[in-house]
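Residue numbers (the UniProt record's numbering): 1 to 1190.
Ideal Cβ positions, reconstructed from N, Cα and C, are used throughout, including at glycine.
Computed from a predicted structure; not experimentally measured.
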């Protein structure tokens, strides 16, 4: 039976139309009008307001209290698409109905969840002529998988799943018909349990339930001979009965354990089963996941995405370790140490925190530590900077794989228990536990879906900023995969009568054009358990405990609150005698600190009674990387300025010292102040716990956990963040009453502390969490509670949907980064622009060698088939060299991003590549012309030097001839050598030419000298003029070179012609000409020196190395050949790499003292030998045979 009794909502509405048709027509017509604006989804208060208005106008007071009115008050939302209105009704927590009415004829129809969501999707416009509804969109319905699983039926039992589970499953497992089977399952569980390979509890000799009962009875008789306080070692013979360590450390504890086991085997009950499982040593190693933010112990609070969750986990770890160690000692395993690892992200750019350290011991613990693993991108590069919690989804799968390896190595094996935190940590916990088959617990802290209004239906509008498609998908997967879920409050699961719970909001929702969730999560599942945390009582303790007070910090606190010279604060407190209304939180939209400032500023009575102090965020919006924090910072400054709050308001930057923050609470309690927590939604409210523990009366949001922590007007006050005026009046009333009656403040303060110490402590939390892990581990082992079918379904959903969304998000991030980096790269470039292929190769050499598999398949096939027509298929790309075309094929994605930036509109990949190529060619031509102009001046200077050099050589030759004629000598060795040395010395004095090899000179005759001189003159003229193929053409070459040098506007054709003519003279002359054309004076001198040296000795020297930045290559075919040769080296892993890049990669690893590993597999290389790649050699050979390469 439903909450509406025997009738359905549709029947109630139809009956209402019979008795109050006019009123309902008016009501629904008004709703249509309200929904025609920008808000087609009507919220509950709008429906109620319109209902009351219609009752007044139609003078129908009986309608207000009718069954129809009660039903309409359960509406959570109404979707208006004229002429229809669809209503989602929630009469109670977790129970939903859907109806639709056509206002034109008042036709009423019931709807399924899928039908309602499909109707809602029509609100989202997709294109000019269609909306977001897709009849074939993916629908998720997880309800069939839980048909045979036990389900809670009473709302009051939601969040107490373990008690329900024990009652239900123990009754089935140990029923009269199945008792033998259940007892055998218990025996198998106890026999199989080990720690580090060592068996515990029961040996293999106890191989039947009958033997187990017999052994228990004999053991009981042995234990009766000893006192309960005696150690177990005093009792001999227990091990001979088949009982191994783990039952207890004293005779009394072991006897109690044995008696519980006997009771379970004979007459089981849920309470006995829970107590028995709780005392077994089942948990030794725990992993706690929290990937986002800056996770550390000092200087991290207030950093982006870093707040209460870090405090929660650190306090959780300390309490858990104490509880685990105590239970191990009570189980008789004193030598075994509890081990806890908090797994988070390593951030190299740590901003003064310890987040760049791989391991960090946790203070206050014996064997707990923080293990940090870096995020890596698709190419395996480590991310150096912080990443927002909304932007980290592309890195989590790689992080999980790396972290799993680190955990197994760090802990020496699998953990026994994994705890995820927040959406990202829960997803990693899901992936990790799925691989290792470990019990998984999820703690959401705060699900983003309830923080942002209509975040599901409007997900596409929010996608660029928040990426909710990934987050909501991750939430669905993680919460359904977890073995159990821990929440801090009931409201976190099921909300209350007027508000949907965080988890309940995932029951049914839609993201148009993505998928539709018909049944996402069942809040009646026994996996939900409420385990409320506390505050660290070493830091947060009552203000009345004077002997523990940290009075030495009061001077710092006074400076923080009152000093006008304190640089990290805005505003002053002119009247220091007034009480302080205090709030401390992150500066983001949901925490609503700006809302509190607005309430205070708008209420003169409250301003006259108290000062307002807000601690949170930054006071300079440029000082944060968080988008929301910057927006809220600007908003706070605007409020201060608009209301002139400078003398009664103090806004202080986030304070990261928890010890000082604890004393700050108590200092404000000394002023008879109060704490305010104005969040739009708060899953739990750790600062509320901290403030109440210190004795501060607290005003906290009624949207979320604080409404359960505080008993309204007894231990604190509830405030509605959407009714700020009422909140300000409530605060003013409290402080006015405290002025009249100071005992009222004390009464509220005492009640607050009593409430916390009775319910919210970390010792209670840790004891409950350890017990839960034991019980769910047991039921997972002995029953089908694990639901393998569900997990396989979720695995498919992850692979087919989550991976696609993450890949799409990663592609978008890369495009944004490329667009953002483009202006920076242009500013940093000097001289000639590097070719994209060369720049990419250099980047790869610095990070990871470029792999031959990075070449697109179609491009590689085109090269193999010698399909040059394909590579230059665009007519306008005819000017582009083969190198440029090859580059476009290799780096198409980068060019697409550049083209979008240039053209201002998206284009397809081919058009983007073409546009980018034209832009590149135009830029290269412009740069070449500028460089040619610079080279002209240098060319004139070089020509003058060359003319002086030729004159000196001629004088040396004439002097030699005169000497030979005067002495009558024939050409021979000594005169030839002397003449050559003299000529070389004269030239060297002027131009610093390298001396020729004496061995080579000794073979020359005087005739050789003359020939060499002639060749030298011709080569010099060729170098100056850019060409000349023989000595007889030297003069014409010089004249041509002079003309070309004086007219740099000759264009690219002339330059290419000059290079081709230079190549005919040889690589040295060609290189010299190319260097002069590029305007590289030093390279030209080096080439000229080698050319002159070769002429003097009559030989051809080695070609100069002219591949420095800015120097063009010899030819298009040579460029292509060089590129393919760079790709043609095979390493020991069987993969091909650029030669220089893989050599640099190996050298860097050796320099760091590491064993060189493969860039692809990350495994050690068997050897460092590099061999030619057969594929590259085949390509080069085939192209050379076809005449495509020189």
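Problem - Option nearest residue 1245 by Cα separation, candidates 36, 66, 58, 62 - result: Residue 1245 is absent from the model: the chain starts at 1 and stops at 1190.
Problem - For residue 73, three-class secondary structure by DSSP - result: For residue 73, the secondary structure class from DSSP, reduced to helix, strand or coil, is coil.
Practice task
State the DSSP-derived secondary structure class of residue 257, mapped to helix, strand or coil.
Solution key: helix
Problem - First through last residue of the beta strand (DSSP E) which encompasses residue 677 - result: Run containing residue 677: 674-677, per the beta strand (DSSP E) assignment.
Exercise for the section: Would you give the residue range spanned by the beta strand (DSSP E) that residue 460 belongs to? Expected result: Segment 459-466 is the alpha helix (DSSP H) holding residue 460; no beta strand (DSSP E) there.
Problem - Buried versus exposed, by CB contacts within 10 Å (16 or more), residue 712 - result: Residue 712 is exposed by the Cβ-count criterion.
Problem - Cutoff 6 Å; reference residue 383; Cβ partners in own chain excluding five residues on either side - result: Once the five neighbours on either side are set aside, the close Cβ partners of residue 383 are 375.
Practice task
Could you check what DSSP says for residue 599 in three-state terms: helix, strand or coil?
Solution key: helix
Exercise for the section: Please confirm whether residue 289 and residue 419 have their CB atoms less than 9 Å apart. Expected result: yes
Problem - DSSP three-state assignment for residue 357, whether helix, strand or coil - result: coil
Exercise for the section: Enumerate in chain order the residues of its own chain whose CB-to-CB distance from residue 751 is below 6 Å, with the five nearest sequence positions on each side excluded. Expected result: 714, 715
Handout entry: Buried versus exposed, by CB contacts within 10 Å (16 or more), residue 798
Key = buried
Handout entry: 8 Å CB neighbourhood of residue 226 in its chain, flanking five on each side removed
Key = 234, 235, 251
Handout entry: Best match in 594, 12, 604 for proximity to residue 628 [C-alpha to C-alpha]
Key = 594
Problem - Start-end ranges of the beta strand (DSSP E) lying completely within the region 285-316, minimum 3 residues - result: 285-289, all fully within the region 285-316.
Problem - Limits of the unbroken beta strand (DSSP E) element including residue 279 - result: Looking at the DSSP string, residue 279 is not in any beta strand (DSSP E), and its letter there is neither H nor E.
Problem - Beta-carbon proximity check, residue 318 vs residue 365, cutoff 9 Å - result: yes
Problem - DSSP-derived helix/strand/coil call for residue 536 - result: coil
Problem - Bridge partner(s) assigned by DSSP for residue 95 - result: 92
Problem - Opening and closing residue of the alpha helix (DSSP H) in which residue 790 lies - result: 788-797
Exercise for the section: For residue 526, name the three-state secondary structure that DSSP assigns. Expected result: coil
Practice task
Would you kindly report the start and end of the unbroken beta strand (DSSP E) that includes residue 614?
Solution key: DSSP places residue 614 inside the beta strand (DSSP E), whose first and last residues are 611-615.
Exercise for the section: For residue 398, collect the residues of the same chain with a Cβ closer than 7 Å to its Cβ; drop the 5 residues on either side in sequence, then sort them by chain order. Expected result: 376
Handout entry: Cβ neighbours of residue 27 in the same chain (closer than 8 Å, five flanking residues each side left out)
Key = 50, 51, 54
Handout entry: Spatial distance of residue 929 from residue 1147 (CA atoms)
Key = 40 Å
Handout entry: Which of helix, strand or coil DSSP assigns to residue 570
Key = strand
Exercise for the section: Counting only the same chain and skipping the five closest in sequence on each side, list residues whose C-beta sits under 6 Å from that of residue 372. Expected result: 344, 346, 358
Practice task
Leaving aside the five residues before and after residue 1155 along the sequence, list all residues of the same chain whose C-beta is less than 6 Å from its C-beta, in chain order.
Solution key: 1164
Handout entry: Closest residue to residue 124 among 460, 653, 699 (Cα-Cα distance)
Key = Closest by alpha carbon: 460.
Handout entry: residue 249, DSSP secondary structure in three states
Key = Coil.
Problem - residue 738, enclosing alpha helix (DSSP H) - first and last residue - result: 724-740
Practice task
State buried or exposed for residue 315, treating a residue as buried only when at least 16 other CB atoms are found within 10 Å of its CB.
Solution key: buried
Handout entry: Sequence-distant residues of the same chain with beta carbon closer than 6 Å to residue 212, five excluded per side
Key = 187, 206.
Problem - Counterpart residues of residue 372 in DSSP-defined beta bridges - result: 344
Handout entry: Closest residue to residue 662 among 640, 693, 649 (Cα-Cα distance)
Key = Ranked by Cα distance from residue 662, the first of 640, 693, 649 is 693.
Practice task
Take every Cβ of the region 152-169, pair it with every Cβ of the region 526-533, and state whether three or more of those distances are shorter than 8 Å.
Solution key: Because the criterion of three Cβ pairs below 8 Å is met, the region 152-169 and the region 526-533 touch.
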